[in-house]
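Participant:
Chains as they are written, first to last, in my numbering: chain A, 2 to 114; chain B, 15 to 132.
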């Protein structure tokens, strides 16, 4: 059974800092890994999706990397802004026909002005 | 990207009533949809896999008679919470599976439905 862990559970940084969020998974036979952002009381916003054959994806100030062999992914946020404050979730999609995704518990980020 | 909608976005009901939540893929056909539940300050937990034209597959610990799933068309899945109780209050999120973009298996998530049972 796939288990997904996100560290840290919460993070508070001053505006402008670069930061890294971590996601680890136990079963390396994955189809893809996806990072989401969730604002309080809201749904999910997809940030980056990395296919199993890829090593990283970039979008603006965000960069996500994937190392399947070690079961790890990182989300790098450059020059953080107060608007980045949210919960960040990673989800790992199984490499089976069922295609189920397993979510981590998330990292709640607070960027202080 | 593809769009998935949910209706209603928010519902408040009395204990003992049933509530139906709709999940629609607006610009693609989805033979498979997934239903998740999220309690406050917790992550998403998969409840069931909804398959068009066949019975849903429920995750361990999810009561299939309480959470009825119907996937009658390629663009619509419904989740009915029967005889709802306060402990069913949660945020319900659906996702739809799409193979249309380069053959890649991609999930698109709906905006969620906030259920409050009084």
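Each residue gets a CB set at the ideal place from its N, CA and C atoms; glycine is no exception.
What are the complete beta strand (DSSP E) segments, minimum 3 residues, inside the region 4-89 of chain A?
Facilitator: 5-8, 11-15, 20-26, 31-39, 45-52, 57-60, 63-68 and 73-78
Participant: Would you list the residues sitting across from residue 104 of chain A in a DSSP beta bridge?
Facilitator: Mapped onto the first chain, residue 104 of chain A falls at position 103. Answer by DSSP bridge pairing, in chain order: A:92.
Participant: With a CB to CB cut of under 6 angstroms and the five nearest residues on each side skipped, what residues in its chain are close to residue 24 of chain A?
Facilitator: To locate residue 24 of chain A, count along the first chain from 1; it is residue 23. For residue 24 of chain A, where only same-chain residues beyond five positions count, the Cβ hits under 6 angstroms are 7, 74, 91 and 105.
Participant: Within the same chain, show all residues whose beta-carbon is closer than 7 angstroms to that of residue 15 of chain A, passing over the 5 residues directly before and after it, in chain order.
Facilitator: Within the first chain, numbered from 1, the residue matching residue 15 of chain A stands at position 14. If you ignore the 5 residues before and after residue 15 of chain A, its C-beta comes within less than 7 angstroms of the C-beta of 113, all in its own chain and listed in chain order.
Participant: At the level of alpha carbons, what is the spacing between residue 103 of chain A and residue 101 of chain B?
Facilitator: Residue numbering aside, residue 103 of chain A sits at position 102 when the first chain is read from its first letter. Residue numbering aside, residue 101 of chain B sits at position 87 when the second chain is read from its first letter. Roughly 23 angstroms separates the two Cα atoms.
Participant: Just to confirm the assignment: which complete beta strand (DSSP E) runs, minimum length 3, are found wholly within the region 64-123 of chain B?
Facilitator: 81-87, 90-95, 104-115 and 118-123
Participant: At the 9 angstroms Cβ level, is residue 109 of chain B part of the contact set with chain A, yes or no?
Facilitator: In the second chain, counting from the first residue as 1, residue 109 of chain B sits at position 95. Nearest CB-CB separation between residue 109 of chain B and chain A: below the 9 angstroms threshold.
Participant: Here's the rule: buried if 16 or more other CB atoms are within 10 angstroms of the residue's CB, otherwise exposed. What is residue 99 of chain B?
Facilitator: Here residue 99 of chain B refers to the residue found at position 85 of the second chain. The residue in question, residue 99 of chain B, is exposed, as its Cβ has fewer than 16 Cβ neighbours within 10 Å.
Participant: Would you mind telling me which residues of chain B sit closer than 7 angstroms to residue 44 of chain A, beta carbon to beta carbon, in chain order?
Facilitator: Within the first chain, numbered from 1, the residue matching residue 44 of chain A stands at position 43. Result: 107, 123, 124, 125 and 126.
Participant: On the CB-based measure, 16 or more other CB atoms within 10 Å of its CB, does residue 112 of chain B come out buried or exposed?
Facilitator: Residue numbering aside, residue 112 of chain B sits at position 98 when the second chain is read from its first letter. Residue 112 of chain B is buried by the Cβ-count criterion.
Participant: Suppose you measure from the CA of residue 119 of chain B to the CA of residue 107 of chain B; what does that come to, to the nearest Å?
Facilitator: Stepping through the second chain from its first residue, residue 119 of chain B is reached at position 105. Stepping through the second chain from its first residue, residue 107 of chain B is reached at position 93. If I take the Cα positions, the gap works out to 19 angstroms.
Participant: Anything in the region 55-80 of chain B with a Cβ closer than 9 angstroms to a Cβ of chain A? List those residues in chain order, please.
Facilitator: Hits within the stretch, in order: 55, 56, 57, 58, 59, 60, 63, 71 and 73.
Participant: Would you call the region 86-93 of chain B and the region 35-42 of chain B touching, i.e. three or more CB-CB distances under 8 angstroms?
Facilitator: yes
Participant: Can you name the residues of chain B whose CB is closer than 9 angstroms to the CB of residue 99 of chain A?
Facilitator: Numbered from its first residue, the first chain carries residue 99 of chain A at position 98. Contact note: residue 99 of chain A reaches chain B through 46, 63 and 71, using a C-beta cutoff of 9 angstroms and chain order.
Participant: Taking Cβ positions, are residue 99 of chain A and residue 28 of chain A nearer each other than 9 angstroms?
Facilitator: Position 98 of the first chain holds residue 99 of chain A. Position 27 of the first chain holds residue 28 of chain A. No, they are not a contact pair.
Participant: Compare the beta carbon distance of residue 63 of chain A and residue 79 of chain A with 9 angstroms and say whether it is the shorter of the two.
Facilitator: As a first step, residue 63 of chain A must be located in the first chain, where it is residue number 62. As a first step, residue 79 of chain A must be located in the first chain, where it is residue number 78. Yes, the Cβ-Cβ distance between residue 63 of chain A and residue 79 of chain A is below 9 angstroms.
Participant: Any beta carbon of chain A sitting closer than 9 angstroms to that of residue 120 of chain B?
Facilitator: Walking along the second chain from the start, residue 120 of chain B turns up at place 106. So, interface residue.
Participant: Hey, which unbroken runs of the beta strand (DSSP E) at 3 residues or more fall wholly within the region 17-66 of chain B?
Facilitator: Counting only runs of 3+ residues, the beta strand (DSSP E) found wholly inside the region 17-66 of chain B occupies 18-21, 24-27, 33-39, 46-52 and 58-65, in chain order.
Participant: Return helix, strand or coil for residue 127 of chain B, following the three-state DSSP convention.
Facilitator: Within the second chain, numbered from 1, the residue matching residue 127 of chain B stands at position 113. Correct three-state label for residue 127 of chain B: strand.
Participant: Anything in chain B within Cβ reach of residue 52 of chain A, meaning under 9 angstroms, just list it in chain order.
Facilitator: By 1-based counting over the first chain, the position of residue 52 of chain A is 51. Simply 118.
Participant: Let me make sure I understand the geometry here. Which of B:68, B:66 and B:96 has the alpha-carbon closest to that of residue 76 of chain B?
Facilitator: The sequence position of residue 76 of chain B within the second chain is 62, counting from 1. That would be B:96, whose Cα lies nearest to the Cα of residue 76 of chain B.
Participant: What is the DSSP secondary structure of residue 132 of chain B, reduced to helix, strand or coil?
Facilitator: Here residue 132 of chain B refers to the residue found at position 118 when the second chain is read from its first residue. In the structure shown, residue 132 of chain B sits in coil (DSSP, three-state: anything other than H, G, I, E or B).
Participant: Less than 9 angstroms between the beta carbons of residue 49 of chain A and residue 59 of chain A, yes or no?
Facilitator: Here the question's residue 49 of chain A lines up with position 48 in the first chain. Here the question's residue 59 of chain A lines up with position 58 in the first chain. Contact: yes.
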